[in-house]
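A short worksheet on the structure shown next.
4 protein chains.
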Amino acid sequence: MPTPETRAHLLISCPDRTGVVAAVTQLLWALGANIVDSQQHTEAEDARFFMRLAFDLEGLADGMDALRQAFEPVAQRFEMRWQLTQAARPKRMVLFVSKQDHCATELLWLWKRGELQAELPFVIGNHPEAADWTRPYGIDFHHVPITPDTKPAAEARHLELLQGKVDLVVLARYMQIVSADFLEALAVPVINIHHSFLPAFIGANPYAQARRRGVKLIGATAHYVTPELDAGPIIEQDVHRVGHRHEVEDLVRLGRQVERTVLARAVVSHLEDRVLVHGNRTVVFD
Amino acid sequence: MPTPETRAHLLISCPDRTGVVAAVTQLLWALGANIVDSQQHTEAEDARFFMRLAFDLEGLADGMDALRQAFEPVAQRFEMRWQLTQAARPKRMVLFVSKQDHCATELLWLWKRGELQAELPFVIGNHPEAADWTRPYGIDFHHVPITPDTKPAAEARHLELLQGKVDLVVLARYMQIVSADFLEALAVPVINIHHSFLPAFIGANPYAQARRRGVKLIGATAHYVTPELDAGPIIEQDVHRVGHRHEVEDLVRLGRQVERTVLARAVVSHLEDRVLVHGNRTVVFD
Amino acid sequence: MPTPETRAHLLISCPDRTGVVAAVTQLLWALGANIVDSQQHTEAEDARFFMRLAFDLEGLADGMDALRQAFEPVAQRFEMRWQLTQAARPKRMVLFVSKQDHCATELLWLWKRGELQAELPFVIGNHPEAADWTRPYGIDFHHVPITPDTKPAAEARHLELLQGKVDLVVLARYMQIVSADFLEALAVPVINIHHSFLPAFIGANPYAQARRRGVKLIGATAHYVTPELDAGPIIEQDVHRVGHRHEVEDLVRLGRQVERTVLARAVVSHLEDRVLVHGNRTVVFD
Amino acid sequence: MPTPETRAHLLISCPDRTGVVAAVTQLLWALGANIVDSQQHTEAEDARFFMRLAFDLEGLADGMDALRQAFEPVAQRFEMRWQLTQAARPKRMVLFVSKQDHCATELLWLWKRGELQAELPFVIGNHPEAADWTRPYGIDFHHVPITPDTKPAAEARHLELLQGKVDLVVLARYMQIVSADFLEALAVPVINIHHSFLPAFIGANPYAQARRRGVKLIGATAHYVTPELDAGPIIEQDVHRVGHRHEVEDLVRLGRQVERTVLARAVVSHLEDRVLVHGNRTVVFD
Numbered sequence: 407m408p409t410p411e412t413r414a415h416l417l418i419s420c421p422d423r424t425g426v427v428a429a430v431t432q433l434l435w436a437l438g439a440n441i442v443d444s445q446q447h448t449e450a451e452d453a454r455f456f457m458r459l460a461f462d463l464e465g466l467a468d469g470m471d472a473l474r475q476a477f478e479p480v481a482q483r484f485e486m487r488w489q490l491t492q493a494a495r496p497k498r499m500v501l502f503v504s505k506q507d508h509c510a511t512e513l514l515w516l517w518k519r520g521e522l523q524a525e526l527p528f529v530i531g532n533h534p535e536a537a538d539w540t541r542p543y544g545i546d547f548h549h550v551p552i553t554p555d556t557k558p559a560a561e562a563r564h565l566e567l568l569q570g571k572v573d574l575v576v577l578a579r580y581m582q583i584v585s586a587d588f589l590e591a592l593a594v595p596v597i598n599i600h601h602s603f604l605p606a607f608i609g610a611n612p613y614a615q616a617r618r619r620g621v622k623l624i625g626a627t628a629h630y631v632t633p634e635l636d637a638g639p640i641i642e643q644d645v646h647r648v649g650h651r652h653e654v655e656d657l658v659r660l661g662r663q664v665e666r667t668v669l670a671r672a673v674v675s676h677l678e679d680r681v682l683v684h685g686n687r688t689v690v691f692d
Numbered sequence: 407m408p409t410p411e412t413r414a415h416l417l418i419s420c421p422d423r424t425g426v427v428a429a430v431t432q433l434l435w436a437l438g439a440n441i442v443d444s445q446q447h448t449e450a451e452d453a454r455f456f457m458r459l460a461f462d463l464e465g466l467a468d469g470m471d472a473l474r475q476a477f478e479p480v481a482q483r484f485e486m487r488w489q490l491t492q493a494a495r496p497k498r499m500v501l502f503v504s505k506q507d508h509c510a511t512e513l514l515w516l517w518k519r520g521e522l523q524a525e526l527p528f529v530i531g532n533h534p535e536a537a538d539w540t541r542p543y544g545i546d547f548h549h550v551p552i553t554p555d556t557k558p559a560a561e562a563r564h565l566e567l568l569q570g571k572v573d574l575v576v577l578a579r580y581m582q583i584v585s586a587d588f589l590e591a592l593a594v595p596v597i598n599i600h601h602s603f604l605p606a607f608i609g610a611n612p613y614a615q616a617r618r619r620g621v622k623l624i625g626a627t628a629h630y631v632t633p634e635l636d637a638g639p640i641i642e643q644d645v646h647r648v649g650h651r652h653e654v655e656d657l658v659r660l661g662r663q664v665e666r667t668v669l670a671r672a673v674v675s676h677l678e679d680r681v682l683v684h685g686n687r688t689v690v691f692d
Numbered sequence: 407m408p409t410p411e412t413r414a415h416l417l418i419s420c421p422d423r424t425g426v427v428a429a430v431t432q433l434l435w436a437l438g439a440n441i442v443d444s445q446q447h448t449e450a451e452d453a454r455f456f457m458r459l460a461f462d463l464e465g466l467a468d469g470m471d472a473l474r475q476a477f478e479p480v481a482q483r484f485e486m487r488w489q490l491t492q493a494a495r496p497k498r499m500v501l502f503v504s505k506q507d508h509c510a511t512e513l514l515w516l517w518k519r520g521e522l523q524a525e526l527p528f529v530i531g532n533h534p535e536a537a538d539w540t541r542p543y544g545i546d547f548h549h550v551p552i553t554p555d556t557k558p559a560a561e562a563r564h565l566e567l568l569q570g571k572v573d574l575v576v577l578a579r580y581m582q583i584v585s586a587d588f589l590e591a592l593a594v595p596v597i598n599i600h601h602s603f604l605p606a607f608i609g610a611n612p613y614a615q616a617r618r619r620g621v622k623l624i625g626a627t628a629h630y631v632t633p634e635l636d637a638g639p640i641i642e643q644d645v646h647r648v649g650h651r652h653e654v655e656d657l658v659r660l661g662r663q664v665e666r667t668v669l670a671r672a673v674v675s676h677l678e679d680r681v682l683v684h685g686n687r688t689v690v691f692d
Numbered sequence: 407m408p409t410p411e412t413r414a415h416l417l418i419s420c421p422d423r424t425g426v427v428a429a430v431t432q433l434l435w436a437l438g439a440n441i442v443d444s445q446q447h448t449e450a451e452d453a454r455f456f457m458r459l460a461f462d463l464e465g466l467a468d469g470m471d472a473l474r475q476a477f478e479p480v481a482q483r484f485e486m487r488w489q490l491t492q493a494a495r496p497k498r499m500v501l502f503v504s505k506q507d508h509c510a511t512e513l514l515w516l517w518k519r520g521e522l523q524a525e526l527p528f529v530i531g532n533h534p535e536a537a538d539w540t541r542p543y544g545i546d547f548h549h550v551p552i553t554p555d556t557k558p559a560a561e562a563r564h565l566e567l568l569q570g571k572v573d574l575v576v577l578a579r580y581m582q583i584v585s586a587d588f589l590e591a592l593a594v595p596v597i598n599i600h601h602s603f604l605p606a607f608i609g610a611n612p613y614a615q616a617r618r619r620g621v622k623l624i625g626a627t628a629h630y631v632t633p634e635l636d637a638g639p640i641i642e643q644d645v646h647r648v649g650h651r652h653e654v655e656d657l658v659r660l661g662r663q664v665e666r667t668v669l670a671r672a673v674v675s676h677l678e679d680r681v682l683v684h685g686n687r688t689v690v691f692d
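Residue numbers (our numbering), protein chains in the order written: chain A, 407 to 692; chain B, 407 to 692; chain C, 407 to 692; chain D, 407 to 692.
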């Protein structure tokens, strides 16, 4: 089922005030749009309103600018932060990888099946062998080695490859900390997968930490990357039951299944414009 | 957090047509309502539209009739089936029980904690010992024995107790088949819990059937009762992992946990006006 | 299915050496026992061996001392820590409660159904209203109020009630920290339920912490109590999916379901002699 | 962690009699073996005993025949059906595929990572495009088209490729019914993945059936293939939550995740000698 050319996604957040829903739906109706999905949420704590609308509008592909102009007055009236996208237009997504292929392979496989609304111009990795993973999918691979000494140069190279050419970066078990400067210069969302149920087992070797603590579940967390390590807004989490029989290597092996599932779900939610960030939390509409 | 007196729930289903959402939200805005939650769904197969709105309106308690009158023209224009309820007004719910207390006890306990938006005027059972379960909760118990011979008389007695006095009947492991005539005369929804993952293991002794078939998961299904046995619209289902170590009695014991959880979730969804029936399926808004 | 009078449980841990299994099973065979279940585990890290055997032996009830004497030489030869129990003999279990009834009610209900191999001589609580929860089950309630000032006196009263009269204490949402001195004097296992997925959200108000961090799963942890708060060996954990719609109160409400399930499973595992402690971890045989 | 060369797996089933465990462990001890894992189960219904032992024995690779001879008297004494394998010796596994790659890709990926104790000499498929899936893994592909008319010839070709050269066949969404004659002639286990929670939705288009019935969970079932369609012993099952938003295509897409996970777990259990068949059920040791 390809996404229809006429389908748009509208994401809104604004102070919660009477009349927002009516104003938005009234405008869309006046423009001839048909709302096919609508979800909303009000955050009680700071009275902030969040909404996702999916609608169909004839001639959308050529009319995105006009639509944005028509919406601007409503947006200003309610002090909205908003984002309007043509659903059928794929986002440009780049994967960062290291030595572990499971998360990258999962995304590449889903992409090849047509389950990701994305273009994959290339993959970046700090180890050369990752070229082998991308070749069967016909995707370019850029090898950018990185050491503590060469990190600034490597990040400069990353920016050269990425700036203005990408809508989303996914750290598919990249295992390197990206700098605050890089994030700021990149200026597009970066999704990371952390191999624990955050905030448990922050930092290195979470499965060894989990084994030491004797937990009965291991987990994984997909989150947007922020300058503060392992503290960005969580998009998705899941867990897998473990027991005393499982050595650290078993946790690592079982964890791979959870990691790739959780990362894939988070990426799909992002690509389908289902995620809104609110401070260090997310609103994820189904 | 008690439900505010001003809160209303509006459930709508109608043919899918442009302008429904705009018309409804525009009307509510004009009346001064604030929409606090909104979910919708379009069934592609027959182009039918479903919506649930929760909104706050000052003076709602005294203005329900006026509100219904104001909504009627919109409802007619779009050929809606609709239901408008005051969220703070508890539904009158009656439990039917037999010899197993787990499902009834779960609901009674949730009710006592204030987690069910319901009144519980009494419980009906075909075995006298159930009186012991209801006594600690201060709820009346009506013992109505039933045998194949006395079934018509028993159902007549049920109707005498229930007609016009109840909004929902819950068969909390009642283990008796209710007749089509009774359902028609009762004319309110009846929710049943079936001790299998329907449509697997329809009929009697589903756990023995499950053990014989060697399944690795057992389940439970909460559904609206229809004249056709075990075939009504499913509201909720869940499963529990089992293995070769589990005898039939273990499946029964583990199954009790799933049954009471699944039934409780289904009852809560119904009481919060989250369920719309569509043929032999349901739309359940979160 | 009552546990047969002839059933024994043998729990063993010892350094991993060739011949342990043969020596134990040979002895049991020579005594005329029939092994009905056997599970073992070797901890690679410190080469420690763990085993649980369930077996049937005629005349067990009168022969426990003789059996222990017969086993002693084998135990010494392999430097075992071991425990032999008659499975049909209920353990004496006391619940500590506070203001929240859900965990206690779950255990009382399972106990009344005969699903716990335990005697429940009484319940201890620091708030008087808990008497209402125990009355329908015909169980005595001792009200022992506790404040920072009266804590030593209260714990002395606890010990007076418990010492030598109990095999297990369960903190069923007791919400008080028990002192190291109390634990030492009590000298029987104490199981606690913590309302988070430990080690995430240690300490007070874990659901508020979870909401602030924006996690997508909430959890509960049952563990043996040690002098170090929230750090004892974990017996069981589970989680429940949550989202942006869930306020702190919703997390508390959903968490109650997880807490009572997790605590009940841990208590059942303990009562069935399925748990061995190994440092700050547990071996839990199915 | 490669499996040590000294590791053996012993699977036993026999009538339940006192002394089995002692006899087996005594023998292994006398031979100098160290038991590293042991699990057993007695089926109450027909008093049948099942056991899996993993043990280490020096010189195992050259001593398998001697070991079998040493075990034979014990096996005869207790009327055992038994199987002894060298754990480090990979099983020869062949995949049958059709047009859907997800199950095959999952197994190929796990195999390449070294997570399957198996050789993969080749893959057989009835559609030519599957060659593209196997090429990146360096595995041969045999294209054997099949139509109702050519089925006997195709199965003859399959047997020519397989007989005596394979220990396990996996139908990785092969979508063809294999004949009873083929199964008999092949004479090794065949594992299939069925895209429903059997016994619900037997036969064709289970996801369309599931959507029609309005179930809230979809599932998958891995089972040994028997002449009776969809009725063989179940090895593993799992489910995924779905709702009214999910069209048949969504169920198919989500189902793919469950199918590949369930099939992979079943194959791993089989390859690690954890599965014993008992009538139309299985005993699966963890």
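Glycine included, each C-beta is placed from N, C-alpha and C at the ideal position.
- In this structure the segment 475-493 of chain C does not lie against the segment 646-661 of chain C, because fewer than three pairs of beta carbons, one per stretch, are closer than 8 Å.
- By the criterion of at least three beta-carbon pairs nearer than 8 Å, the segment 466-476 of chain B is not in contact with the segment 544-558 of chain B.
- Rounded to the nearest whole angstrom, the C-alpha separation of Asn686 (chain C) and Gln615 (chain A) is 13 Å.
- Spanning the alpha carbons of Leu459 (chain A) and Thr688 (chain A) requires a straight line of approximately 17 Å.
- DSSP, read as helix, strand or coil, puts Ala610 (chain A) in coil.
- Per the Cβ contact rule, the segment 580-595 of chain C is in contact with the segment 558-571 of chain C (3 or more Cβ pairs under 8 Å).
- As for any alpha helix (DSSP H) of minimum length 4 sitting wholly inside the segment 554-586 of chain A, the runs are 557-568, ordered along the chain.
- Secondary structure remark: continuous alpha helix (DSSP H) runs of at least 4 residues inside the segment 614-681 of chain C, in chain order: 654-677.
- If you compare the alpha carbons of A:Pro554, A:Glu653, A:Ala628 and A:Ile552 with that of Val575 (chain A), the shortest gap goes to A:Ala628.
- Proximity of Arg671 (chain A) to chain C, defined by a Cβ-Cβ separation below 7 Å, is not satisfied.
- If one requires a minimum length of 4 residues, the alpha helix (DSSP H) runs lying completely within the segment 419-446 of chain C are 426-436, in chain order.
- With respect to the C-alpha of Val426 (chain B), the residue from B:Arg519, B:Ala439, B:Leu437 and B:Gln482 having the closest C-alpha is B:Gln482.
- The three-state secondary structure of Met470 (chain C), taken from DSSP, is helix.
- Between the segment 489-509 of chain B and the segment 524-535 of chain B there are three or more C-beta pairs closer than 8 Å, enough to call the two in contact.
- DSSP, read as helix, strand or coil, puts Glu411 (chain A) in coil.
- Proximity of chain A to Gly649 (chain C) at the Cβ level (cut-off 7 Å) is accounted for by Val690, in chain order.
- Per DSSP, Leu490 (chain C) is one residue of the beta strand (DSSP E) stretching across Arg487 to Gln492.
- At a cut-off of 7 Å between beta-carbon atoms, Glu665 (chain C) makes no contact with chain A.
- Pro633 (chain B) sits away from Ala672 (chain B), with the two beta carbons spaced by 7 Å or more.
- Our two residues, Val668 (chain C) and Val668 (chain D), have alpha carbons roughly 26 Å apart in a direct line.
- For the segment 609-639 of chain B, the residues whose beta carbon sits under 7 Å from a beta carbon of chain D are, in order, Arg619, Gly620, Val621, Lys622, Leu623 and Pro639.
- At the C-beta level, Leu565 (chain A) and Ala591 (chain A) come within 7 Å of one another.
- The C-beta of Pro595 (chain A) has 16 or more other C-beta atoms within 10 Å across all chains shown, which makes the residue buried.
- The segment 435-455 of chain C makes contact with the segment 438-453 of chain D: 3 or more CB pairs, one atom from each, lie closer than 8 Å.
- Taking C-beta atoms under 8 Å as the contact rule, Asp636 (chain A) and His600 (chain A) qualify, at a distance of about 6 Å.
- Listed in chain order, the positions of the segment 508-519 of chain C with a beta carbon within less than 7 Å of a beta carbon of chain B are Thr511 and Trp515.
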